[in-house]
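Data block below; observations after.
Numbering (the numbering used here), first residue to last: 189 to 460.
Put into structure tokens, the structure is as follows:
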């Protein structure tokens with residue numbers, strides 16, 4: 189493992205250049221370029237405000253600034269799903285590079301995650317700006333967001349190592365990931381408060397539901413960004429055990445996924 193990490197550090201400039209390339213390619217020949225990453229949350233905010241704040245006000249379940257609650261969950265979810273969808277095919281999509289040049293192959297999925305992180309940070313700046321403009325009450329714990337972002341990165345990277353490596357040998361992994369993410373979204377409290385699960389299902393079903401590590405990450409994001417204990421008590425949920433479970437699982441996925449990826453990368457050129 190030390191040798192793998194040493195090689196990855198040695199090729200850190202390649203990782204940086206590939207990440208920058210992915211960022212630039214997305215907005216190539218675009219008039220406003222990176223600003224599209226900031227326009228996206230603005231448009232979502234407008235749509236959610238009209239849809240949930242005005243037209244479907246009754247569906248807000250008494251939650252103040254429901255549109256911000258949605259954004260607090262949807263932005264990290266978009267980062268997770270986009271990173272996973274792009275990184276799962278990272279090795280296959282760079283087959284020519286893999287066959288011709290030697291470099292640590294883990295640089296490929298990490299570059300996609302790095303590019304998604306850049307766009308996500310721009311969107312987070314827009315969200316925080318609107319929270320301040322609309323005078324939404326903020327939790328003092330909002331300064332802990334960088335640590336939560338680190339947890340998101342660890343979990344996403346670990347899962348990406350597994351999926352990108354397996355996708356080289358079994359191309360069905362890409363299609364499975366797309367379907368799994370569709371279902372995963374609806375079993376994560378993004379568009380509905382956690383109280384909906386607690387009030388509608390038996391205790392054993394809730395325990396199974398909370399095995400979803402992304403649920404704990406999104407819930408904590410909503411608690412920090414949306415200030416759910418004040419703006420929406422129905423969404424205020426925090427479990428120390430659940431958070432530690434998410435941390436432990438993320439670290440396990442990162443270490444085991446990275447190890448599996450490095451063990452299999454020697455055969456990638458044969459199958460891509």
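Glycine residues also receive a C-beta, built at the ideal position from the N, C-alpha and C atoms.
Computed from a predicted model, the values in this text were never measured in an experiment.
| Asked | Found |
| --- | --- |
| Stretch pair the segment 373 to 393 + the segment 296 to 314: three plus CB contacts closer than 8 Å | no |
| Where residue 314 falls, given that 16 or more other Cβ within 10 Å makes a residue buried | buried |
| Length at least 3, wholly inside the segment 269 to 300: the beta strand (DSSP E) runs in chain order | none |
| The alpha helix (DSSP H) enclosing residue 357, as first and last residue numbers | 333 to 357 |
| Inter-residue Cα distance where the pair is residue 284 and residue 456 | 11 Å |
| Spatially closest choice to residue 277 from 356, 335 and 253, by CA coordinates | 356 |
| Length of the line joining the Cα atoms of residue 234 and residue 429 | 36 Å |
| Through-space distance from residue 443 to residue 390, alpha-carbon basis | 35 Å |
| Whether residue 332 touches residue 375 by CB criterion (9 Å) | no |
| Residue 280 beta carbon less than 9 Å from that of residue 359 | yes |
| Member of 411, 416, 412 and 432 whose CA lies at the smallest distance from the CA of residue 400 | 432 |
| CB contact check: residue 271 to chain B, cutoff 9 Å | The chain labelled as chain B is not found in the depicted structure, where only one protein chain is given. |
| Pick from 194, 202, 408 and 411 that is closest to residue 289, judged by C-alpha positions | 202 |
| Nearest candidate by alpha-carbon position, reference residue 194, set 452, 396 and 292 | 292 |
| Distance, residue 326 Cα to residue 452 Cα | 46 Å |
| Whole-Å CB distance - residue 336 paired with residue 405, under 8 Å assumed | 7 Å |
| Reduced DSSP secondary structure (H/G/I, E/B, other) of residue 415 | coil |
| Best match in 343, 319, 373 and 334 for proximity to residue 414 [C-alpha to C-alpha] | 319 |
| Selected residue, minimal CA-CA separation from residue 256, among 436, 411, 460 and 270 | 411 |
| Distance, residue 316 Cα to residue 309 Cα | 11 Å |
| Neighbourhood of residue 425 by C-beta distance below 6 Å, restricted to the same chain and skipping five residues each side | 382 and 407 |
| Same chain, Cβ closer than 7 Å to residue 246, neighbours up to 5 away in sequence not counted | For residue 246, the predicted structure reports a pLDDT of 46, less than 50, and the residue's modelled location is therefore unreliable. A value from the coordinates is still provided. Once the five neighbours on either side are set aside, residue 246 has no close Cβ partner at all. |
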